[in-house]
Structure formats: C-alpha cells, structure tokens
Ligand SMILES: Nc1ncnc2c1ncn2[C@@H]1O[C@H](COP(=O)(O)OP(=O)(O)O)[C@@H](O)[C@H]1O
Ligand SMILES: [Mg+2]
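Residue numbers (the numbering used here): 16 to 179.
This is how it looks when you write it as structure tokens:
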C-alpha cells in the first residue's frame with residue numbers, strides 16, 4: 016500500500032481550520048513535508064497557523080510574501096514556504112529548496128502545486144477547497160509511505176531521495 020486514505024474534513028470558520036491544523040501539527044515529525052494546494056483564500060495560511068500552534072511555535076505566523084521562506088522555532092525548526100510568486104525552477108534552485116525538502120526540520124509549503132514535479136514522494140498532501148461562505152473542504156493524505164521498500168516490512172528508513 017502506498018500512502019494512506021485521505022481524511023476529508025469540512026470547516027466553517029477560520030478558527031476551526033486552525034484547530035484542524037493544530038491537531039495535524041501535533042502529529043508531524045522531523046523531516047515531514049506538508050504540501051498545501053488550493054486557491055487564494057482557501058485557508059492555507061490559516062491551516063499553517065494552526066499547524067505551527069501544534070508544533071509549539073510562539074509568535075506571528077504569516078505568509079512569507081517577499082522572502083519565499085519564513086523560519087520559526089517550534090519543537091524543531093519549521094520552514095514556511097510560499098510558492099505563489101515562484102517564477103520557475105531557477106527560483107527554487109536559488110532558494111536551495113532541497114535543504115528545506117530533505118532537511119531536519121518541518122517544511123510547510125503554500126502553493127505547492129507550483130513545484131509539483133519537485134515535491135518529495137514522501138509528503139503530507141493537503142487540498143483545500145473553498146465552498147459557500149466560510150465553508151472549506153480540507154483533504155489530508157500522507158503520500159509515499161513504504162515506497163521503494165519492496166519487501167514490505169514497513170520499517171524501511173532508507174527511503175530514496177532524488178539526487179541524494
Ligand atoms: N473555514 C475557514 N477556514 C479558513 N479561512 C476561512 C474560513 N472561513 C473564512 N475564512 C477566511 O478566508 C481567508 C483565508 O485566508 P488564508 O488562510 O490567508 O488563505 P490562503 O493562504 O489559502 O490564501 C481568511 O480571510 C479567513 O478569515
Ligand atoms: Mg496564504
């Protein structure tokens with residue numbers, strides 16, 4: 016089996032979305048990459064604010080509009096990336112994206128679909144869909160677990176990393 020069944024949740028306020036994020040944040044581990052995909056106003060930043068709360072980040076969490084990446088200190092390093100203004104692969108290369116994708120911290124990416132072909136196979140993918148009013152549908156799925164382990168022992172720690 017590759018990945019897990021998606022869990023789909025509906026929220027009806029920004030605080031509900033943050034609370035969902037907080038629960039997700041508590042379950043994340045060092046090295047996890049969370050790829051958030053959804054339109055403007057779908058709640059990516061709000062969910063990340065909750066995730067950061069669940070990771071013990073104190074202080075303000077906002078989209079890194081000009082810098083592409085914000086770094087916070089939680090129970091480990093947290094990298095908040097936003098690819099909205101990304102102009103192609105060169106921007107990602109000069110950012111040094113591999114440090115974030117394959118590093119020791121936790122990497123949270125808004126507009127991850129803009130780097131779809133570079134995302135790590137092992138990731139938590141979150142799709143946010145804006146409904147009527149304050150309704151948001153949020154689907155969370157862990158992808159790429161056990162990929163490449165072959166024998167299926169489920170404990171393979173040597174997951175292959177592109178270019179690694
Ligand atoms: N259920 C909800 N979840 C998240 N945000 C909501 C919700 N309902 C209304 N909103 C509003 O939608 C906007 C979401 O903004 P934001 O989290 O910055 O989205 P994004 O980062 O995807 O552009 C905020 O203005 C927020 O107050
Ligand atoms: Mg945002």
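Think of the CB as a built atom: it goes at the ideal place given N, C-alpha and C, for glycine as much as any other residue.
Predicted model, so just to flag it, every value in this text is computed and none were measured.
{"Query": "Less than 6 Å separating the Cβ of residue 183 from some heavy atom of ligand 2?", "Result": "In this structure the chain extends from 16 to 179, so residue 183 is not present and cannot be described."}
{"Query": "Can you tell me whether residue 29 is helix, strand or coil according to DSSP?", "Result": "helix"}
{"Query": "Which of the three DSSP states is assigned to residue 136 in this structure?", "Result": "coil"}
{"Query": "Just to confirm my understanding: we take residue 144, look at its own chain, exclude 5 residues before and 5 after, and list those with CB closer than 6 Å. What are they?", "Result": "152"}
{"Query": "What do you reckon, is the C-beta of residue 160 under 6 Å from a heavy atom of ligand 2?", "Result": "no"}
{"Query": "At what residues does the alpha helix (DSSP H) containing residue 67 begin and finish?", "Result": "59-69"}
{"Query": "Whose C-alpha, out of 43, 53, 149 and 84, is nearest the C-alpha of residue 65?", "Result": "43"}
{"Query": "Scan the region 65-150 and note each continuous beta strand (DSSP E) run of 3 residues or more that stays entirely inside, going in chain order.", "Result": "84-88, 92-97, 121-125 and 138-145"}
{"Query": "Excluding the five sequence neighbours on either side, which residues of its own chain have a C-beta within less than 8 Å of the C-beta of residue 83, listed in chain order?", "Result": "96, 97, 98, 100, 101, 106 and 110"}
{"Query": "Under 8 Å: do the region 36-56 and the region 123-143 share three or more Cβ pairs, one atom per stretch?", "Result": "yes"}
{"Query": "Can you tell me which of the three DSSP states residue 160 falls into?", "Result": "coil"}
{"Query": "For ligand 1, is there any heavy atom lying closer than 6 Å to the beta carbon of residue 28?", "Result": "yes"}
{"Query": "Straight-line CA distance for residue 112 to residue 72?", "Result": "22 Å"}
{"Query": "Give the C-beta separation of residue 91 and residue 119 to the nearest angstrom, bearing in mind that I take them to be a contact with Cβ-Cβ under 8 Å.", "Result": "7 Å"}
{"Query": "Rounded to whole angstroms, what's the CA-CA distance from residue 78 to residue 85? Just pull it up for me.", "Result": "8 Å"}
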